[in-house]
Every structure is written in C-alpha cells, then in structure tokens.
Amino acid sequence: MIAVFTLVLQILACLGLGAGALRTLKVLDRLACVERLGWSFAIGMGMLGWLLFAIGSLHLFRPEILWIFLGLAALPSVFLWRASPSGSFDRFDRWQWICLVALSLAAVFDLLEAVAPPADADTMAYHFALPKQFIESGGLDFVPRAIDGAIPLLVQMTYIPVLSLGGELALTLWTGVSGWGAVLLTYAIARRFVPRTAALAFAVLLTSTPAIVYSGGSGHVEVRLAMFVLLAAIAIADTARTGDWRYAAIAGLAVGFVVGGKYSGLFIALASAIALFSALALQRRPWVVLCVILCMVTLVAGGQWYVWNWIHTGDPVFPVLFGLIPYTDPTYWDMTHQRALEQVMAIDERAAPINLLWFFAYPFVATFKGLPIFESGRTGFGPFVLLVLPMAAAGIWLYRRDLHKSMLFPMAVIAVLFYAFWFCSGFSQRIRHLVPIYPLALICVGVAAVRGVDRFGIDRPFALAVGLAATVQLLGHAVFARNYAGYAFFSESREQFLTRNITGYPAAAWINANLPSTAKVFTAERQLIYHFDVPAYYGHPTDDARIDIHPGARDRGRFYAQLRNQRVTHILIRQAETLDAESGIGQWRGLASHGCLRPAHTVTVDVFQSRTLPSLSQTTTTLTVLEFDETACQAMNARSAG
Amino acid sequence: MNQRTLNVLLFVWVVGGFAAYLIQFHALIRTVLDVFGLG
Chain A
1 MIAVFTLVLQ ILACLGLGAG ALRTLKVLDR LACVERLGWS FAIGMGMLGW
51 LLFAIGSLHL FRPEILWIFL GLAALPSVFL WRASPSGSFD RFDRWQWICL
101 VALSLAAVFD LLEAVAPPAD ADTMAYHFAL PKQFIESGGL DFVPRAIDGA
151 IPLLVQMTYI PVLSLGGELA LTLWTGVSGW GAVLLTYAIA RRFVPRTAAL
201 AFAVLLTSTP AIVYSGGSGH VEVRLAMFVL LAAIAIADTA RTGDWRYAAI
251 AGLAVGFVVG GKYSGLFIAL ASAIALFSAL ALQRRPWVVL CVILCMVTLV
301 AGGQWYVWNW IHTGDPVFPV LFGLIPYTDP TYWDMTHQRA LEQVMAIDER
351 AAPINLLWFF AYPFVATFKG LPIFESGRTG FGPFVLLVLP MAAAGIWLYR
401 RDLHKSMLFP MAVIAVLFYA FWFCSGFSQR IRHLVPIYPL ALICVGVAAV
451 RGVDRFGIDR PFALAVGLAA TVQLLGHAVF ARNYAGYAFF SESREQFLTR
501 NITGYPAAAW INANLPSTAK VFTAERQLIY HFDVPAYYGH PTDDARIDIH
551 PGARDRGRFY AQLRNQRVTH ILIRQAETLD AESGIGQWRG LASHGCLRPA
601 HTVTVDVFQS RTLPSLSQTT TTLTVLEFDE TACQAMNARS AG
Chain B
643 MNQRTLNVLL FVWVVGGFAA YLIQFHALIR TVLDVFGLG
C-alpha cells in the first residue's frame, strides 16, 4: 500500500513541478489537454532529479525531508485540473479501440514486470545500486568509476524518493510508469500532425518496440531520456514557429535534463542548438537571443553533474579528458586503465568500422541482421520504420519545397545529427544508445508516411505494415512478460524468482544471511551489487583503478593493500572465468596460495544468457566467497618485505 | 505508374521486408514455440 501511495505522490510531484513551471512561463493554457500532462510530467521529472541532486549533495536524504519535498512538489499539480479545457472529445472508432486494446495489453505486460523484483544486470550494477547506496549514506557520494559511477545521474536521482519511502516495489512501479512518459508524449506530438488513429498506432508501435520493452521497465535511463528529447524537439519546433522565448526556455530545460542524464546527452545539446538555429535562420527569424536562452537554460539544467565530477576529479566528463587536464586524485584513474577502456570500446563495443558506407548501412543491418555487439535482434527497434520507408519518401517528396518550414524539420535535424555524432564518436554501437531519438524518428517517418499515404491512396500497404509490426512486437512483448507472469500468478517467492533470473543470486543470499553488517564484499559480479544487504565494492577490470584488476595486473601485495585500503573483508569470485591465472581478477589466487584468503562458502549456480528465454543457453558456474585470514596475510606481507 | 501497380509494389515491399526481418529470428521463434509446447 505504501508503495502505491509513494508512487502516486511522486507522479503528482512530477506533474506539480512541471505544471508549476509551465504556468509560470504562461504556456500551460496554450497546450492541448494531453500535451499538458505529457509536458508537465517530463519537465517535472527532470526538475525532481535536479532538485534531488541539491538535497543529496547537502546529505539530506532522510525520509521526513523526502516526504515533505514530494508533498510540496505535488501541490502545483492543481494547476493541471484548473487549466481551461481545450477541444472537444470525439468518440473512438473501431481502429482506435483496437489500438487502445493493444496499449492496454502492453500496459498489463509492463505491470507484470513492474511488480516483480528487479533482475536486469545494468540495473543491479548501478541504476538501482547507486540510489540504494546514496540512501544508506544519507546523501550523494562520489563514485570514481568510469562508465557507470562518475556519470550524470539525474534520472537515477528520481529513484531515490520512491526507493527510500516506498521500498523496492515503489521503485519498480516508478520505472514502469516513467517509461510511459515517452509514449504519452509521442502520442501528444503525433496528434499535432496526424489523425487520432495514426497517433494511437504510433504509441502502440513505440511501447512494444523491443528496445523499449527491454529497457523501459528496468532502471535504464534511455527511455526516460527519450521523453526529454521529445519535449526538447517539440519545444524547439514551437520556438521556431512562434519566435517565443518561453518555448526556447522549455527546450533548454528538456535538453539540460538529457545532458544531466547521460554523457551522450551532450550530442543532443549540440544537435538541438543547431536545429533551433537552422530552423530560425531558414525562416529568416531572429535567432541569437533564442539560441542563447536555449544554451543558458541547458547549462543550468544539465551542468550540475559535470561540476560534481570536475570538483572530485578535475575532469567534468571523467575520464574522457584524462591526459589533457590534471586530475585531483591519481588513485582514481591511470594510463593503464585509460588504454584498457579504449581497447574495450574499440573491440567489445564496436562491430562496424566508422565510415560513410556503415553510416548509411547501420540502420538496415541492425534491423535485418544485426551483429551481436549491436544487440539489435531481440532488443532492437522492430521493422516498422523500414517497412514504411517508401511511403515516407513519397511524403517527403511531396512537401520537399517547404520542408524547412515544417515543425518536423527541427525534430528530424535533432534525430539525424544525434545519430551522426553518435556513430562518428566511436561510442558503444549497442542500438539501445539510440533509444533517446527513436521516438523522434518514429514520428518523423510515420507522419511523412501518412502524408504519402493520403496523397497516393496507398493506405492498405501502410495499414499492413503497421499491423505486422505491431503484432510481432506485441507477441515479443508477451514472451518478455511471460517470465514475470510466473512471479505474479504462480506464487513464486522473491528468492525463487531472483534465483531463476540472476546468475549467482544464491551467493548474494548466502552473504546476506551469514556475513555481519560490518563486512564488505569485493566482487566483479555486477548483476548482484544491488541485492547485497552488506556493503559491497563493485570491482571492474577497466572502469575502476582503485582496486586494480585489469587483465595485466599481477601484484598480490598491491592487490591486498588496495583491498584493505577499501576495508574489504570478503571477496566473491567466479572460479570458472579466472581458470588458474593469477592476474587480473585472478590475483586472489596469489593471496589464497599463502593462506591469506580462504574459502568461506561455495555455491554452484545457473548462468543465464537470456532471462526471457533461459533455454537459449544454460550452463553452470561456481561462485566462491573468500574471507581474509589476517594472521596469514601479515605473515605473507612479512615474507614479502623480508 | 497507376495506383494499383503502386499498391502491389508496396505490398511486396512490406511483406518481403517483414519476412526478411523475421528470418533472423528463426532460431528464436523455434525456441519460443518450444517454450509454449508448439515446437
């Protein structure tokens, strides 16, 4: 009950903060009803994350303060109900009812995921683990780990009130609900250009897109960033249409929230500034003041995490500028890890060379035969955009002379430029990094296709494309939800569900049951971090230099000193992966051979490649909990010193 | 090009594209059918 109450309060807090901001800017009454909800929720969620940074940096993550904060933030939501109603309501026709049924099905599938315990690996490693850590310490701690520690955490800040006040169920319900913000905005924006049936169809296609299904209900930030990108794009389009500074300010807020949510948000910021400039300049409108407003508001709304990183490391985009500017603490990062990380990015995260051919080929290859690194098969974007491409091309050709005047122009510029920046940057080529711009691409292509369909009378092939894509995506969504239905309907316990879904969960359960709260566990088993009740140190071969386990590291004395420096008392290791090597994560063997580490518990566990379809690949591995023997360790150190 | 020809061509594109999309999942589809006892 408390979980649902907290969830509702946080939703109202988002709506309240957003509605308050829109009313202050005198924009609320200009929006259609569904836009008011979508815009308010997006702005409010961003503001919530922004304000929670301030609360956390003052170490005020205390329940009473979070209750008061959410309660006060929810108050302005009354503006939403008092805003003058807009437009009349038409009855739904048959096709619209079919879309609503499809949306309801998707909502039920998402609800099944939301009521189950969290099990996604990235979510366990940091999306949920960091908020849990911050709540336990009462405020923000700097985590000097590349990729998933010292990063912009605006979205994860919104996980803190729900987890702190409503518990884990409130948190998973929140990720389930907040993932639908992008769907609501997609419908609201599409409604400006196409009839209600098409807008509802776009919403169905978006919510059932495999990449959205995969990450929407988890702690991943991309779907929530997509909501901010949608708001930024439509606000930029409105700025270009009206020349009103208020829309530029709203766009700046939304762009800032993307920047504050992920490093790649910087690409969105650059693309948005270019989109606004080009849209205004092509229409011969004054652009300087509006672009300055956009950039300044973006800086304020999104700059805090970069200042936070700069204060703690000297690098606002840790560790991108390593070697270019001085670092404040040399233990946080070194050249060895810099090179190892660059190698991982070049080999493990990049399957296609960065050239013009692959720039154009990537969307097609990722759709029809994705390379494993793209992760575009089971978690890709589905077939819709490519199926309606000829119809969209026809629509674009029809309006080719006035394209730059269209409200879709700046939206398309943002999507295309972000894709270009992302592809050329050498960033991870996993397709989910494109999720923030996918709804924009869906709207732009979808609206252009509808224009072509209307003009050339090709509605049947278009309807077939929508029907096929939506059907196969919803079937995939149902298969995804089947795993969670087991928990919801078949009396499966939390422990049973987690054992069935998370590699090594029994080891975490043993640690929680048997180790004292004074213990601290070092492990590279990232999928377990959130589920530890005792303090845990998440070690990483390339992302963390404080405890050096990069593949070439082979110094047991230094390894021991680093572990003890972090007050580690136990180590959890996976024996199968380390073989007999005494380097990297295998350095524990050097300590064990001197009796400094001894086994405390060993468990054989299932290894899952896919939670949805565990039968795709099922093997077992052995996890061992090792504990320090201080006497043996001191003897080992004495021998080494001698 | 008349409208009928255009529609036929687009039908071929949509059905062909959809089939090409599904081919990559043939092993996955078989697994899903097995899961539901339909394999």
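If you read the sequences in order, they're chains A and B. Note that my numbering numbers the first sequence so that position 582 is 582, with each residue one more than the last. In short: position in the second sequence from 1, add 642, done, that's my numbering. Yeah, the Cβ is synthetic: ideal placement off N, Cα and C, and Gly gets one too. Values in this document were obtained by computation on a predicted structure and should not be read as measured data.
Supposed contact pair residue j and residue i - C-beta distance, whole angstroms, cut 8 Å
i	j	result
L25 (chain A)	I250 (chain A)	7 Å
G476 (chain A)	P210 (chain A)	6 Å
P131 (chain A)	L163 (chain A)	6 Å
L498 (chain A)	H531 (chain A)	7 Å
G504 (chain A)	Q527 (chain A)	7 Å
T569 (chain A)	E627 (chain A)	7 Å
Y247 (chain A)	A235 (chain A)	5 Å
A21 (chain A)	I43 (chain A)	5 Å
V447 (chain A)	V607 (chain A)	Contact flag wrong, Cβ pair sits at about 45 Å.
L205 (chain A)	F384 (chain A)	5 Å
A199 (chain A)	L231 (chain A)	That pair is no contact at about 17 Å.
F594 (chain A)	A553 (chain A)	Just to set this straight, residue 594 (chain A) is His in the shown sequence, not Phe. That belief does not hold up - the Cβ atoms of H594 (chain A) and A553 (chain A) are roughly 17 Å apart, past 8 Å.
F92 (chain A)	L100 (chain A)	7 Å
L66 (chain A)	L165 (chain A)	6 Å
R410 (chain A)	A226 (chain A)	What sits at residue 410 (chain A) in the sequence shown is Pro, not Arg. No, P410 (chain A) and A226 (chain A) are not in contact; Cβ-Cβ is about 17 Å, not under 8 Å.
L51 (chain A)	W39 (chain A)	The Cβ separation is near 18 Å, so there is no contact.
Closest residue to residue i among the options (Cα-Cα distance)
i	options	result
G584 (chain A)	A:A340, A:W287 and A:A449	A:A340
A669 (chain B)	A:L37, A:A638, A:L613 and A:L626	A:L613
Y419 (chain A)	A:G265, A:L282, A:F318 and A:P326	A:G265
S428 (chain A)	A:F489, A:P383 and A:I354	A:I354
E35 (chain A)	A:A271, A:V183, A:V204 and A:F267	A:V183
T602 (chain A)	A:P506, A:Y538, A:A641 and A:R611	A:P506
R345 (chain A)	A:G486, A:S425, A:L51 and A:C596	The residue asked about is misnamed: residue 345 (chain A) is Met in this sequence, not Arg. Considering only alpha carbons, the answer is A:S425.
G457 (chain A)	A:A394, A:P410, A:K405 and A:R401	A:A394
A271 (chain A)	A:Q283, A:L294 and A:V288	A:L294
R574 (chain A)	A:T622, A:F267, A:M407 and A:D544	A:T622
A536 (chain A)	A:V413, A:T471 and A:V625	A:V625
Y126 (chain A)	A:E136, A:E113 and A:V143	A:V143
D244 (chain A)	A:L280, A:R224 and A:Y362	A:L280
F421 (chain A)	A:L100, A:F267, A:A13 and A:Q96	A:F267
G377 (chain A)	A:Q343, A:A592, A:V213 and A:F490	A:V213
A301 (chain A)	A:G261, A:P286, A:A392 and A:Q634	A:G261
W95 (chain A)	A:R196, A:W287, A:Y538 and A:I2	A:R196
L15 (chain A)	A:T331, A:Q566 and A:A73	A:A73
V155 (chain A)	A:G256, A:N483 and A:N565	A:G256
Inter-residue spacing [alpha-carbon to alpha-carbon] between residue i and residue j
i	j	result
G46 (chain A)	A201 (chain A)	27 Å
P461 (chain A)	L103 (chain A)	22 Å
D533 (chain A)	F134 (chain A)	14 Å
A463 (chain A)	V656 (chain B)	10 Å
V388 (chain A)	V317 (chain A)	39 Å
F228 (chain A)	A509 (chain A)	38 Å
T172 (chain A)	F522 (chain A)	26 Å
Q562 (chain A)	P516 (chain A)	22 Å
S57 (chain A)	G139 (chain A)	6 Å
T649 (chain A)	V258 (chain A)	Lying before the first or after the last residue shown, residue 649 (chain A) is absent from chain A, which here runs from 1 to 642.
T186 (chain A)	P439 (chain A)	7 Å
G219 (chain A)	F128 (chain A)	6 Å
L282 (chain A)	V453 (chain A)	28 Å
R192 (chain A)	Q10 (chain A)	29 Å
G467 (chain A)	P372 (chain A)	28 Å
V682 (chain A)	M157 (chain A)	For chain A, the structure presents residues 1 to 642; residue 682 (chain A) sits outside this window and is missing.
G314 (chain A)	R62 (chain A)	30 Å
A415 (chain A)	I437 (chain A)	5 Å
V221 (chain A)	M296 (chain A)	24 Å
S178 (chain A)	I151 (chain A)	21 Å
L442 (chain A)	A481 (chain A)	24 Å
I529 (chain A)	W308 (chain A)	24 Å
F489 (chain A)	Q496 (chain A)	14 Å
Y263 (chain A)	D329 (chain A)	22 Å
**Asked** When Cβ atoms are compared, which residues of the stretch 452-471 of chain A fall closer than 7 Å to chain B?
**Response** Of all residues in the stretch 452-471 of chain A, only F456, G457, I458, R460, P461, L464, A465 and L468 place a beta-carbon less than 7 Å from a beta-carbon of chain B.
**Message:** Please list, in chain order, the residues of the stretch 660-678 of chain B that have any C-beta partner in chain A closer than 9 Å.
**Reply:** Answer in chain order: F660, A662, Y663, L664, I665, Q666, F667, A669, L670, T673, V674, D676, V677 and F678.
**Asked** What residue ranges within the stretch 288-373 of chain A form continuous alpha helix (DSSP H) runs of no fewer than 4 residues, ordered along the chain?
**Response** For the stretch 288-373 of chain A, whole alpha helix (DSSP H) runs of length 4 or above, ordered along the chain, are 288-302, 304-313, 335-347 and 356-368.
**Request:** Pick out the complete beta strand (DSSP E) segments inside the stretch 465-548 of chain A, 3 residues or longer, and give them in chain order.
**Result:** Runs found: 521-523 and 536-538.
**Message:** Residues of the stretch 358-375 of chain A in Cβ contact with chain B at a cutoff of 8 Å, in chain order, please.
**Reply:** From the stretch 358-375 of chain A, only T367, F368, K369 and G370 have a Cβ closer than 8 Å to chain B.
**Request:** Check each residue of the stretch 473-488 of chain A: if its Cβ is closer than 8 Å to any Cβ of chain B, include it; give the result in chain order.
**Result:** So the list reads V479 and R482, given in the order they occur along the chain.
**Item:** Contacting positions in the stretch 494-521 of chain A - beta carbon closer than 8 Å to chain B
**Value:** Residues: none.
**Message:** What ranges does the alpha helix (DSSP H) occupy inside the stretch 364-447 of chain A, keeping only unbroken runs of at least 4 residues that lie completely in it?
**Reply:** Those alpha helix (DSSP H) runs which fall completely within the stretch 364-447 of chain A and span 4+ residues are 384-387, 389-398 and 408-425.
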